[in-house]
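Residue numbers (this note's numbering): 113 to 221.
We put the beta carbon where it would ideally sit given N, CA and C, even for glycine.
Have a look at the structure below before the remarks.
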């Protein structure tokens with residue numbers, strides 16, 4: 113499920129949930145679980161554009177450049193400052209080295 117709560121299933125299979133690289137594969141990021149986030153296609157695109165990122169505590173941060181409207185507020189701004197939903201197994205959590213790369217290279221603070 114995406115952090116926005118999107119979890120559409122068709123006959124039990126997730127629809128529209130994608131694996132988003134935190135440190136992009138094209139820039140040397142590995143294909144490992146702790147370099148990825150499960151995001152809906154909208155939030156995957158927004159993450160890749162730098163519209164939101166994660167801080168060192170895995171808290172969601174929305175870029176100041178993101179517009180404001182009722183829909184955008186619901187999909188983005190209401191999540192600003194929220195802790196990312198994480199698996200119980202801490203070995204699966206995003207690694208700071210990948211999160212830091214995204215924060216420095218992609219996120220539009």
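Just verifying my parser: in three-state terms, what is the DSSP assignment at residue i?
i           : result
residue 200 : coil
residue 207 : coil
residue 221 : coil
residue 125 : strand
residue 159 : helix
residue 170 : coil
residue 120 : coil
residue 194 : coil
residue 135 : coil
Thinking C-alpha only, which one of the options is nearest residue i?
i           : options            : result
residue 126 : 147, 113, 155, 138 : 113
residue 119 : 134, 151, 131      : 151
Please list, in chain order, all residues of the same chain as residue i whose beta carbon is under 6 Å from its beta carbon, the five residues on each side excluded.
i           : result
residue 137 : none
residue 195 : 171
Would you verify that the beta carbon of residue i is, or is not, closer than 8 Å to some beta carbon of chain D?
i           : result
residue 128 : Of the protein chains in the structure, only one exists, and it is not chain D.
Per DSSP, which residues does residue i bridge with? Please list them.
i           : result
residue 164 : 174
- Query: When the Cβ atoms of the segment 174-187 are set against those of the segment 135-143, are three or more pairs found closer than 8 Å?
  - Reply: Output reads no: the segment 135-143 does not touch the segment 174-187.
- Is there contact between the segment 209-217 and the segment 183-197, where contact requires at least three CB pairs shorter than 8 Å? Taking 8 Å as the limit for Cβ pairs, the verdict is that the segment 183-197 does not touch the segment 209-217.
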